[in-house]
Amino acid sequence: MSTGKILGIAYNVIPVSDLEKASEWYVRHFGFNIRNKRTDNLGLFKDNRPILVLVKSDSESRAVFEVNGKKRWVTTFYTNDISSLHTYLLQENVRVGELFDEGQYGKFFTLEDLDGNLFDVWESQDCELNF
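Letter by letter, the sequence shown follows residues 514 to 644 of this note's numbering.
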């Protein structure tokens, strides 16, 4: 008899204040497509792959936490061209952090969505992600 195994993360759930505005923002900036739209949540996919589920939140809680007074993210997006993505998001007035090159660990920057949910964006040549 075989035992089930965790194969990866299917998607992350993100709280938002306005489901319509948030979903439009993610579709516009990242090319996600909307699936499984309900009254209080919807799925964001990249092609057939689930990425995020946006949930209309009644509270001010967001996908961010602090360590020693510094904001930290709970989700990291992966990209194959971090420099052009960073430049594009700056041109679109998205709140993005500085682009860092950490050598063998890859390149990174942070971004915030309309609700202040914080994300990390990462590019690495040694990554074995399957899409």
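Note that beta-carbon positions come from the ideal geometry of N, C-alpha and C, so glycine has one too.
- Here S597 is exposed, its C-beta having fewer than 16 other C-beta atoms within 10 Å.
- Proximity to N546 across F558, D553, E537, N554 peaks at F558, based on C-alpha coordinates.
- In this model, I595 and F621 are separated by some 8 Å (Cα to Cα).
- Sixteen is the threshold: when 16 or more other Cβ atoms of the shown chains lie within 10 Å of the Cβ of F632, as they do, the residue is buried.
- Judged by DSSP secondary structure, Y601 falls within the alpha helix (DSSP H) whose first and last residues are 595-604.
- Less than 8 Å divides the Cβ of W635 from the Cβ of T589.
- DSSP, read as helix, strand or coil, puts V540 in helix.
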